[in-house]
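Per our numbering, the sequence shown runs over residues 167 to 554.
Positions of the beta carbon are idealized from the N, C-alpha and C atoms, including for glycine.
Reviewing the structure listed below.
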Amino acid sequence: MTLKRSHNINELLLKYINNTISLEEAEFLLDYIKHNDVTEEFPSVDEVLDIISAKVELRLEDKDRIYRRLEEKIGKAEFTYKEKRPLFRNNTFLRLAAIFLFLVGLTVFFKLFDGTSKEEIISSSEITFIDGQGKIRVLDTTSTGVLIQNQNAVIVHQNKSQLVFSNKGKAHKLVYNTLNVPNGKRMQIVLSDGTVVHLNSGTSIRFPEMFIDGKKREVFISGEAFFDVAKDPNNMFVVHGNEIDVEVYGTQFNISNYPEEEVQHVVLVEGSVSMHQQKVPDGKVLLSPGMKGSLHKESELIETKEVVTDIYTSWMQGELVFRNASFRAILNSLERKYAVSFVLNNQTLAKERFNASFGNKPIEDVLQGLKNTYDISYTIEENIITIK
167 MTLKRSHNIN ELLLKYINNT ISLEEAEFLL DYIKHNDVTE EFPSVDEVLD
217 IISAKVELRL EDKDRIYRRL EEKIGKAEFT YKEKRPLFRN NTFLRLAAIF
267 LFLVGLTVFF KLFDGTSKEE IISSSEITFI DGQGKIRVLD TTSTGVLIQN
317 QNAVIVHQNK SQLVFSNKGK AHKLVYNTLN VPNGKRMQIV LSDGTVVHLN
367 SGTSIRFPEM FIDGKKREVF ISGEAFFDVA KDPNNMFVVH GNEIDVEVYG
417 TQFNISNYPE EEVQHVVLVE GSVSMHQQKV PDGKVLLSPG MKGSLHKESE
467 LIETKEVVTD IYTSWMQGEL VFRNASFRAI LNSLERKYAV SFVLNNQTLA
517 KERFNASFGN KPIEDVLQGL KNTYDISYTI EENIITIK
């Protein structure tokens, strides 16, 4: 395939990510992906890396890391398609999702095909806010002031690492915003209904600027977040994850649904919620306070058990606590918290499970603790850590 031939589809995908795609364009995009045999017409790993390299001056180690991640995500998507999810005639849809979700995770938004405006390049380490008109803002968590103002009305106010959305006025049409939080950073949002959302590192959330009375309050999230939902018995609050949905009227709960993790879970702190797989909407599982509901991607089953909820909310204090976690899952969490990359050469170690607790310490202290406790060896080069 040539990049020129993919111009239209790439443009539509980027418009979808930026929430600027029209209904007609979205319908065309989904229909095209589902019903066309375009396996050879979509960029390979090398071509996607070429796109990134052409827009951003990357160091050699950054190129290597991005290449490994793309190979891992695309390869995993293809394997999942072949073995478990024969939804389409080819695996193009999953390859599309893998590549572009990866690009969103980098928070690198390119106006690749806009000949009328200058390309806008945003670092992968920046927190980005995309408003309903598709305008991208880089947020400085040391700043305080008005972020969006409509005439004399303040719509969004920033208070350092918190965004507060106005509850004044009435909305007649849903206007969605997107907030992307990269690895190494956290954010908090106060939605227009008063719901407070704490966003962990490596998380993206899509939500309305203002909710409409009489309709469900719906948000979309990939990553991890703690929700303190404002009580409103007349308007259900729904959190759409990657594969699970959570329904609630007013409560406190944590949802973790990073695409790269094999288990997605919801931990209820207060109130009551129900959760279900998105493809099985009638299979709702009710949770009571102190319970965790876990969806296992491999078995596609939801299991519940009682837990100590503080373990799953400790990230809000900068701490990481693991119980019976795989070593790969621990490394994934460390990558998000410290904005580093791990190369795990010991595949036996990857499958072992551990209990571990890390306070809000530098990554060097965490690595030394792992070395002393579990007798691992590692090397550090720039921000790439190799476990031997």
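1) Quick check on DSSP: helix, strand or coil for I546?
2) Classify S358 as buried or exposed, calling it buried when 16 or more other Cβ atoms lie within 10 Å of its own Cβ.
3) Do you know how far the Cα of E427 is from the Cα of E413?
4) Short of 6 angstroms in beta carbon distance, which residues of its chain neighbour E436, apart from the five on each side in sequence? Order them along the chain.
5) With DSSP as the reference, please indicate the residues paired to S422 in a beta bridge.
6) Cβ of I367 within 8 angstroms of Cβ of N349?
7) State the DSSP-derived secondary structure class of Q534, mapped to helix, strand or coil.
8) At which residue ranges does the segment 469-545 contain complete alpha helix (DSSP H) runs of 4 or more residues, listed in the order of the chain?
9) Ordered along the chain, which non-local residues of its own chain (more than five positions away) have a Cβ less than 6 angstroms from that of F524?
10) Going along the chain, which unbroken runs of the beta strand (DSSP E) with 3 or more residues stay wholly within the segment 338-415?
11) Would you mind stating whether V429 and K458 have Cβ atoms separated by less than 8 angstroms?
12) Residue range of the beta strand (DSSP E) that Q328 falls in?
13) With a cut-off of 8 angstroms on the beta carbons, I'd call I553 and L510 a contact; round off their distance for me.
14) Have a look at the DSSP bridge pairing and note the partners of N325.
15) I think K442 touches S460, with their Cβ atoms under 8 angstroms apart; what is that distance to the nearest whole Å?
16) Pair every Cβ in the segment 321-332 with every Cβ in the segment 304-313, then say whether three or more of these pairs are closer than 8 angstroms.
17) K334 to V356, Cα distance in whole Å?
18) Is it right to say Q534 is buried, meaning 16 or more other beta carbons lie within 10 angstroms of its own, or is it exposed?
19) Measuring CB to CB, does L340 end up less than 8 angstroms from Q354?
To lay it out plainly:
1) Here residue 546 refers to the residue found at position 380 when the sequence shown is read from its first residue. Per DSSP, reduced to three states, the secondary structure at I546 is strand.
2) As a first step, residue 358 is located in the sequence shown; it is residue number 192 there, counting from the start. Label assigned to S358: buried.
3) Stepping through the sequence shown from its first residue, residue 413 is reached at position 247. Stepping through the sequence shown from its first residue, residue 427 is reached at position 261. Looking at the two C-alpha atoms, the distance is approximately 22 angstroms.
4) The residue given as residue 436 occupies position 270 in the sequence shown. If we look at E436 and ignore the five residues flanking it on each side, its Cβ neighbours are T417, Q418, P455.
5) The sequence position of residue 422 within the sequence shown is 256, counting from 1. S422 pairs with E390, H431.
6) Walking along the sequence shown from the start, residue 367 turns up at place 201. Walking along the sequence shown from the start, residue 349 turns up at place 183. Contrary to the premise, residue 367 reads as Ser rather than Ile in this sequence. In this structure, N349 lies closer than 8 angstroms to S367 by Cβ.
7) Numbered from 1 along the sequence shown, position 368 holds the residue referred to as residue 534. Residue state, collapsed to three classes: helix.
8) Whole alpha helix (DSSP H) segments, 4+ residues: 476-479, 493-504, 513-517, 529-540.
9) The residue labelled residue 524 in the question sits at position 358 within the sequence shown. Setting aside the 5 residues that flank it on each side, F524 is surrounded in the same chain by L486, V532, each with a C-beta closer than 6 angstroms to its C-beta; the list follows chain order.
10) You should have 342-347, 353-356, 362-365, 369-374, 383-394, 403-406, 410-414.
11) For the purposes of this step, residue 429 is identified with residue 263 of the sequence shown, where counting begins at 1. For the purposes of this step, residue 458 is identified with residue 292 of the sequence shown, where counting begins at 1. No; because the gap between Cβ atoms is not below 8 angstroms, this pair is not in contact.
12) Along the sequence shown, read from residue 1 onward, the residue named residue 328 stands at position 162. Boundaries of the beta strand (DSSP E) around Q328: 328-331.
13) For the purposes of this step, residue 553 is identified with residue 387 of the sequence shown, where counting begins at 1. For the purposes of this step, residue 510 is identified with residue 344 of the sequence shown, where counting begins at 1. Confirmed, about 5 angstroms.
14) For the purposes of this step, residue 325 is taken as residue 159 along the sequence shown, with counting starting at 1. According to DSSP, N325 bridges with T310, Q328.
15) Mapped onto the sequence shown, residue 442 falls at position 276. Mapped onto the sequence shown, residue 460 falls at position 294. Per the sequence shown, the amino acid found at residue 442 is His instead of Lys. Contact doesn't hold; Cβ gap of about 13 angstroms is too wide.
16) Taking 8 angstroms as the limit for Cβ pairs, the verdict is that the segment 304-313 does touch the segment 321-332.
17) Your numbering for residue 334 matches position 168 in the sequence shown. Your numbering for residue 356 matches position 190 in the sequence shown. When rounded, the distance between both Cα atoms is 14 angstroms.
18) Locating residue 534 in the sequence shown gives position 368, where the first residue counts as 1. So Q534 counts as exposed.
19) Translated into positions along the sequence shown, residue 340 becomes position 174. Translated into positions along the sequence shown, residue 354 becomes position 188. No; because the gap between Cβ atoms is not below 8 angstroms, this pair is not in contact.
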